[in-house]
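Undergrad: Before I ask anything, let me first share the structure, which is written out below as C-alpha cells.
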Amino acid sequence: MQDKSAWNWEPGKRVVLDTAKCKEGFEWLEELQASPDGEKCAAVVNLGELEFSVCVNGENWGNTYSRIWYPRFGPDGRLSALCSDGMEWTVAVDDEPWEEGHGYLFNTKFSRDGSVIAVALQDDMKYGMAKDGEAWENLFDNANNFALSPTGNATAAAVQVEPLDQADINKFQGGIFSVAVDGRAWDERFVNVWTPVFDPAGERVAAQVRKTLYDYTIAVDGKIWPGNYTCVWEPAFRPGGGIVAPVRSGGKWGLAEDDNLIWDAKYFQCWHQAFSADGKVAAAIVSPKYGKFTVAVDKAEWGLYFPVVVDLVLSACGSRAAALGKDEDEMWTIMVDGAAWPGRYARAWTPVFSPDARRVAAKVETNGKYTVLLDGRPFGQDFDQVWDPVFSPEGDKVLIRAVDNGQYCRIVALTSEF
Amino acid sequence: MGAVEYGIQNRKVDDIGLIQGAARLTPERIQKTIQKVLAGETGAKLKAYSEICVRCGLCAEACHFYMSHDGDPSYSPVGKVKQTMWVMLDKKGKVSPEFIYQAAQVAYTECNLCKRCVQYCPFGIDTAYIMLVVRRICHLLGVIPQYIQDTAHSHASTMNQMWVKDDEWIDALQWQEDEARDEIPNLRIPLEKEGAEIMYSVIGPEPKFRTQLIMQAAVLMNEAGMDWTMPATTGWDNSDMAMYTGDNEIMARLKRDHFECAQRLKVKRIVMGECGHAFRSIYDMGNRALAWRMHPVPVVHALEFYWELLRDGKLKVAKPFEKTVTLHDPCNVIRGRGLHEKAREVVRAFCPNFIEMIPNREHNYCCSAGGGVINCGPPFKNVRVQGNRVKAEQLKATGAEVCISPCHNCHGGLEDIIHGYKLGMELKFLIDIIYECMEKPNAAE
Ligand code: SF4
Ligand code: SF4
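Those sequence lines, one after another, are chains P and H.
Take the first sequence: its letters are residues 332 to 749, numbered as in my numbering.
Take the second sequence: its letters are residues 30 to 474, numbered as in my numbering.
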C-alpha cells in the first residue's frame, strides 16, 4: 500500500492526460484505469493488427504483444496486465514481463499492500496459480475459486484432485475436490469446495464444502465442522475470534461461528458478513421478511428495507456501517448507520469511510454523469467518468479521479467543496 | 381381449442414474423424504391442487406427449400426476423404490414443465409445479437420470453447464473477438468493463459448441453502439439444470453467482442470449430461492433486446431474409414472459415471408426438449422425439423452409424432430438471421 501522506494533497484540479490527444496514434484505446494516487492514467492501446501496448500518461510501454487484457493498478501503484505473444501468456508489471510464460493466465489478485501479485494459471490443461512469477509445483485437472492471502504469503484454490470421465456421477459423488494451498492439496476430499479464504495472517484456510449432494458445512484446514447444514455461504475469519459463516437450517439462514449459531437461523437470507478490525462488531446483509433486505449490526436490524441491498462496509473501528439499497424503481440509495442519504441515483458505488470514520464518500451516477458524494452532499461538478473517492490520511480532503470532456484529471477537494 | 393397461411400467427406460439410485433406497428413507418435502417445502398450493382436480381430463389435449401417443391417458398431465404425486400423497410416502424409479422417469423425461396444460385446466392446476415437486423428492432420494445429474455436477463444480474451465471461457471470447475482427476490424468484446450499461450473458454450450452465437452477439452489440461487457469470471453462464433436477440449493448458488457477477461489474442490466430455461431460472425460480422477489439486476431476454434496438433505430435491416420462415414460440419466454408480439415484430422486420405455425404464441406446443428433458441424454432421446409427433406435424403444415427457434433447448429438440421426421427444414436462431441481414456500418469494405 502506498503511504498516502506522501501523495500530493494540494487542493485543486490538475489535468493529467488529454485522452483525445492520446487516441490519435492508435487504432483504438480501451478502458481507462486510474492509479490509486490519481497521478497515472493507463489503457490498453491497439497499434495495428495483433499489436497492442499499454499507454500510461501518454507514453507507451516498450513491449508490445499480440493481446493484452486486464490492466489494473495494484494498491501499491504498480500497473500489471495479462499479455500474450500469441504462444504464451505472461504478467507484465510496469512493462516488465514475468520470466516464465504459461499456457494461460487470468484472475489477477493483489495482496492488501499490493506488494504481491498472483494469478490463476493453466499449463498443458493443468491448473494452479502463480505468485510473483513462480508457479505451483503441482498442478491439477481443474482449479477455481482462487485466493491470495491478505499478506501475500500464500495462495489457495478449490482443486479437482482426480480426473473424471464423462458423466461419471458415482465417482463425482465419491468426492474429487479439495483445497490446495500453494499447490499442496488437503488430504480430505469433498463433493464440492467453494471460496477458500485465508485468515489475516495467511496461515489458515476455511472453505465451504458439500459432503454429499445434500450436506453442506465449513472445512478449516481440512477439518470439517461436525454440523450439517442444508446450505452455507462463504466463511470469514473474525479478527481475534473464530470462523463465521452464514448457514441454513430449518429453511432459514443465520450466522454460525465455529459451528455454533451466533445469529439465529431466522432470515430468508443472510450473507456478506463483515467485522470491525478488532472483531468486536459483526454485521451482515439480511432478509428478515421475504423480498425485503436490510443490514443487521450485531443482530440489530436497520429499520430500512429494500428489495436489494449490496456493498456492506464497516469502518475500521466498527462504529459505523454503510451499504447500498436499490428500490422498486431501480434507483439506488446510500445508507449509513441505518439512515438513508436524501438522493436517489441511477447507480451508486461502494461507500468509502475516512480513516477516522467520521466521513463517508461514494461515487454515484445521475443522467449518465458521475460525481462523488460526501456525507450525502454532491461535489460541485459532475463528470463523464469517476473512480472511487480516496480520503486523505486526516480525512479532511477527498481525491477525485475523473474524466471531464476527454481530459483525465486529478482533483483534491476540500470537504467544504461538497 | 382385456383392457389395455396404460402406464409408465410398460415403458421403463434403463438409465444408470435411475437404476443405481433406486437400488440404494429403503422404504424408510423414501417415506421420510417425501414427508419432509410435503411438510416443509410445499404449501397450500399442492394440497389444493390435489383436492380440486376433478379428473375431467381437459388438460389432456394440451400435452404434446398425450397428443403424440394417440391419446394414451398415462401421458396426459393429470395422468402424470396420478402416477406420481397422488400416490405419494395417498400412501403418505409409503411407496417402493420401483415406484420412485417410475415416478422419476415420468417427472424428468415425460414432462417438459412447459405449462401449456395450465391454460386448459378449468382450475388452473399447474402440473409443471407438481412435477417439479416430484423431481425435488427424487433429487433428495438420489434417483435422477445420469446425464442431467452430471450436468448438475458441472454446475456445482464450475458454475457452468458444460464443465467449461475458467480459462476456456475467456479464451473462447478472445477467439470470437478475433473471428469477428475479420469482418469488423475494430470490434471488441470488452471483458470486465466495470460500470458498463449491459452485461451480456450466455449459456454453457455457447463457448463450447455454439461459439458463432457469441461472435454474432458481439457484432450486434458493436454495431448498435452498446456500452457492454462480459465477465472473465464465473457468473457468465445464466443456465441452470440444477433447477430441473430439483437441486434447489445449487440453483440458488448459481443465480447468486450470476447476479453478484453483474453487481460486481455494476451494470444496469443483464442482456441474455436466446435461451428460455435460463430466463425462467433468472426471472422466476433461482432469484426467488434467494429471497429476491424480482431479479436484483434487471434481465432482458434477447428477443426483447432485439425489439428494443429496432425500435430505437440502433438495429437496421440491410436486406430482407427471403426464405419462408416460421417461428417457434419457446415456453419460458412466451408463456413465461409474454414476448410473443415483440418476437414477431423482429421476425417480420427481417423476414417478409413469415408463416405462423398453428397453434402459436402462448398456445404453441413445446419442443419436448425443455424442462431438462434433452439433458437427460441419449437414453431418452426417443421419448422426446416420439413424444412430439404433433410438433413435427405442426412444423410440416407451415411449409416453411426455415424454422426460427430463439431458445437453445428448443433448438436441440427441434433439430432432432426435424431430423427424426425428415422434415428437411433449416433451423436458425433469430440472431443468425439478424447477423446475416443487419446493417453493419463498421464492417470492412
Ligand atoms: S409437458 Fe407441458 S403440457 Fe405436458 S404435462 Fe408437462 S407441463 Fe403439462
Ligand atoms: S384439467 Fe385440471 S381438473 Fe381436469 S384433470 Fe386436468 S388438472 Fe385435473
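A virtual CB, placed ideally from N, CA and C, is assigned to each residue, including glycine.
Would His448/H be called buried (16 or more neighbouring beta carbons within 10 Å of its own) or exposed?
TA: Translated into positions along the second sequence, residue 448/H becomes position 419. With fewer than 16 Cβ atoms within 10 Å of its Cβ, His448/H is classed as exposed.
Undergrad: Please identify the residue among Ala136/H, Tyr149/H and Asn141/H whose C-alpha is closest to the C-alpha of Val162/H.
TA: Taking the second sequence and counting its residues from 1, the one referred to as residue 162/H is at position 133. Among Ala136/H, Tyr149/H and Asn141/H, the Cα nearest to that of Val162/H belongs to Ala136/H.
Undergrad: So, for Ile193/H: in the same chain, excluding its five sequence neighbours on each side, which residues have a beta-carbon less than 7 Å away from its beta-carbon?
TA: To locate residue 193/H, count along the second sequence from 1; it is residue 164. Per the sequence shown, residue 193/H should be read as Val rather than Ile. Taken in chain order, the residues that qualify are Thr187, Gly233, Pro236 and Lys237.
Undergrad: Only counting the same chain, and skipping five residues up and downstream in sequence, which positions put a Cβ closer than 6 Å to that of Ala185/H?
TA: Looking up residue 185/H in the second sequence gives position 156. Answer for Ala185/H: Ile279, listed in chain order.
Undergrad: Any C-beta of chain H within less than 8 Å: which residues of the region 542-563 of chain P qualify?
TA: Hits within the stretch, in order: Leu544, Tyr545, Tyr547, Thr561 and Cys562.
Undergrad: Taking 8 Å as the threshold (C-beta atoms), are Gly400/H and Ile177/H in contact?
TA: For this step, residue 177/H is matched to residue 148 along the second sequence. For this step, residue 400/H is matched to residue 371 along the second sequence. Not in contact: Ile177/H and Gly400/H (Cβ atoms no closer than 8 Å).
Undergrad: Hey, does Pro638/P have any beta-carbon neighbour from chain H nearer than 8 Å?
TA: Here the question's residue 638/P lines up with position 307 in the first sequence. Chain H contact via Cβ: present.
Undergrad: Start and end of the alpha helix (DSSP H) containing Glu223/H?
TA: Looking up residue 223/H in the second sequence gives position 194. First-last for Glu223/H: undefined, no H or E at that position.
Undergrad: Below 8 Å on C-beta distance, what does Ile500/P contact in chain H?
TA: Looking up residue 500/P in the first sequence gives position 169. Ile45, Gly46, Gln175, Gln178, Asp179 and His182, listed in chain order.
Undergrad: Check the C-beta distance from Val551/P over to Ala532/P and give it rounded, since I have them as a contact under 8 Å.
TA: Position 220 of the first sequence, counted from the first residue, corresponds to residue 551/P. Position 201 of the first sequence, counted from the first residue, corresponds to residue 532/P. With 8 Å as the limit, Val551/P and Ala532/P do not qualify as a contact, their Cβ atoms being about 14 Å apart.
Undergrad: Measure from the C-beta of Gln205/H to each C-beta in chain P and report whether the shortest distance is under 8 Å.
TA: Locating residue 205/H in the second sequence gives position 176, counting from the first residue. By this cut-off, Gln205/H is not an interface position.
Undergrad: Which residues of the region 677-711 of chain P have a Cβ closer than 8 Å to any Cβ of chain H? Give them in chain order.
TA: Correct list: Ala677, Arg678 and Trp680.
Undergrad: My guess is that Cys304/H and Lys144/H are in contact by the Cβ rule of under 8 Å, so how many angstroms apart are they, rounded?
TA: Translated into positions along the second sequence, residue 304/H becomes position 275. Translated into positions along the second sequence, residue 144/H becomes position 115. With 8 Å as the limit, Cys304/H and Lys144/H do not qualify as a contact, their Cβ atoms being about 17 Å apart.
Undergrad: Taking C-beta pairs closer than 9 Å, name the residues in chain H that Ala451/P reaches, listed in chain order.
TA: Residue 451/P sits at position 120 when you count from the first residue of the first sequence. The contacting residues are Asp195 and Asp196.
Undergrad: Got a sec, what are the start and stop residues for the beta strand (DSSP E) Phe383/P sits in?
TA: Here the question's residue 383/P lines up with position 52 in the first sequence. Phe383/P -> beta strand (DSSP E) spans Glu382 to Val387.
Undergrad: For ligand 1, is there a heavy atom less than 7 Å away from the beta-carbon of Thr89/H?
TA: Mapped onto the second sequence, residue 89/H falls at position 60. A small correction: the amino acid at residue 89/H is Ala; Thr does not occupy that position in the sequence shown. Outside the cutoff, so no.
Undergrad: Helix, strand or coil, according to DSSP, for Val376/H in the structure here?
TA: Translated into positions along the second sequence, residue 376/H becomes position 347. In this structure, Val376/H counts as helix in the three-state DSSP scheme.
Undergrad: Can you find the residues in the same chain that come closer than 8 Å, C-beta to C-beta, to Leu216/H, ignoring five residues on each side of it along the sequence?
TA: As a first step, residue 216/H is located in the second sequence; it is residue number 187 there, counting from the start. Around Leu216/H: Glu206, Ala209, Arg210, Ala247, Val248, Asn251 and Asn471.
Undergrad: Assign Met418/P to buried or exposed, taking buried as 16 or more other Cβ atoms, counted over all protein chains shown, within 10 Å of its Cβ.
TA: Sequence index remark: in the first sequence, residue 418/P carries index 87 (1-based). Met418/P is exposed by the Cβ-count criterion.
Undergrad: Using the Cα positions of Met662/P and Gly86/H, report the straight-line distance between them to the nearest angstrom.
TA: Sequence index remark: in the first sequence, residue 662/P carries index 331 (1-based). Sequence index remark: in the second sequence, residue 86/H carries index 57 (1-based). Taking the straight line joining both Cα atoms gives about 48 Å.
Undergrad: Count the other CB atoms, across all protein chains shown, that sit within 10 Å of the CB of Val346/P; report buried if there are 16 or more and exposed otherwise.
TA: For the purposes of this step, residue 346/P is taken as residue 15 along the first sequence, with counting starting at 1. Under this definition Val346/P is an exposed residue.
Undergrad: Check whether the Cβ atoms of Tyr435/P and Asp266/H sit closer than 8 Å, and answer yes or no.
TA: Reading the first sequence from its first residue, position 104 is the one you call residue 435/P. Reading the second sequence from its first residue, position 237 is the one you call residue 266/H. For Tyr435/P and Asp266/H, no; Cβs fall outside 8 Å.
Undergrad: Report the option in Lys121/H, Gly171/H, Asp119/H and Asp358/H whose CA atom is closest to the CA atom of Arg8/H.
TA: Past the boundaries of the shown model lies residue 8/H; chain H is included only from 30 to 474, so the question cannot be answered.
Undergrad: With distances taken Cα to Cα, identify the nearest neighbour of Gly406/H among Gly108/H, Met114/H, Leu75/H and Thr138/H.
TA: Here residue 406/H is taken as the residue at index 377 of the second sequence, counted from 1. Checked all of Gly108/H, Met114/H, Leu75/H and Thr138/H; the closest Cα to Gly406/H is Thr138/H.
Undergrad: Could you please give the first and the last residue of the uninterrupted alpha helix (DSSP H) stretch that includes Lys469/H?
TA: One-based indexing of the second sequence puts residue 469/H at position 440. Note, Lys469/H: premise wrong, no alpha helix (DSSP H); not H, not E.
Undergrad: Quick one: residues in its chain with C-beta nearer than 8 Å to the C-beta of Ile463/H, no 5 flanking neighbours on either side, listed in chain order?
TA: The sequence position of residue 463/H within the second sequence is 434, counting from 1. So the list reads Gln245, Leu249, Tyr335, Leu344, Val375 and Phe379, once near-sequence residues are dropped.
Undergrad: Closer than 7 Å: is that where the CB of Pro407/H sits relative to any heavy atom of ligand 3?
TA: This structure lacks ligand 3; its bound ligands are ligand 1 and ligand 2.
Undergrad: Would you kindly report the start and end of the unbroken alpha helix (DSSP H) that includes Gly379/P?
TA: For the purposes of this step, residue 379/P is taken as residue 48 along the first sequence, with counting starting at 1. Where Gly379/P is concerned, there is no enclosing alpha helix (DSSP H), although the beta strand (DSSP E) it sits in stretches over Cys372 to Gly379.
Undergrad: Could you tell me whether the Cβ of Asp276/H comes closer than 8 Å to any Cβ of chain P?
TA: Locating residue 276/H in the second sequence gives position 247, where the first residue counts as 1. Yes, contact with chain P.
Undergrad: For Leu169/H, go through chain P and note every residue whose CB falls closer than 7 Å to its CB, in chain order.
TA: Against the second sequence, residue 169/H aligns to sequence position 140. Simply Tyr545.
Undergrad: Among residues of its own chain, excluding the 5 on either side of Trp594/P, which ones have a beta-carbon nearer than 6 Å to its beta-carbon?
TA: What you label residue 594/P is simply residue 263 of the first sequence in a count that begins at 1. Gly585, Leu586 and Lys630, listed in sequence order.
Undergrad: Of the choices Leu705/P, Ala677/P, Trp680/P and Phe529/P, whose alpha-carbon is the least far from that of Ala688/P?
TA: Here residue 688/P refers to the residue found at position 357 of the first sequence. Nearest C-alpha to Ala688/P: Leu705/P.
Undergrad: What span of residues does the alpha helix (DSSP H) with Met418/P cover, start to end?
TA: Numbered from its first residue, the first sequence carries residue 418/P at position 87. Neither: Met418/P is in no alpha helix (DSSP H) and is coded neither H nor E.
Undergrad: Do Arg541/P and Asn523/P have their C-beta atoms within less than 8 Å of each other?
TA: For the purposes of this step, residue 541/P is taken as the residue at position 210 of the first sequence. For the purposes of this step, residue 523/P is taken as the residue at position 192 of the first sequence. Against a cut-off of 8 Å, the Cβ pair of Asn523/P and Arg541/P comes out as a contact.
Undergrad: Using a Cβ-Cβ cut-off of 8 Å (strictly less than) and excluding sequence neighbours within five positions of Met454/H, which residues of its own chain qualify?
TA: Stepping through the second sequence from its first residue, residue 454/H is reached at position 425. Excluding residues within five positions, the ones whose Cβ falls inside 8 Å are Leu424, Ala429, Glu430, Val431, Cys432 and Ile447.
Undergrad: How is Asp119/H classed by DSSP in three states: helix, strand or coil?
TA: Numbered from 1 along the second sequence, position 90 holds the residue referred to as residue 119/H. Helix at Asp119/H.
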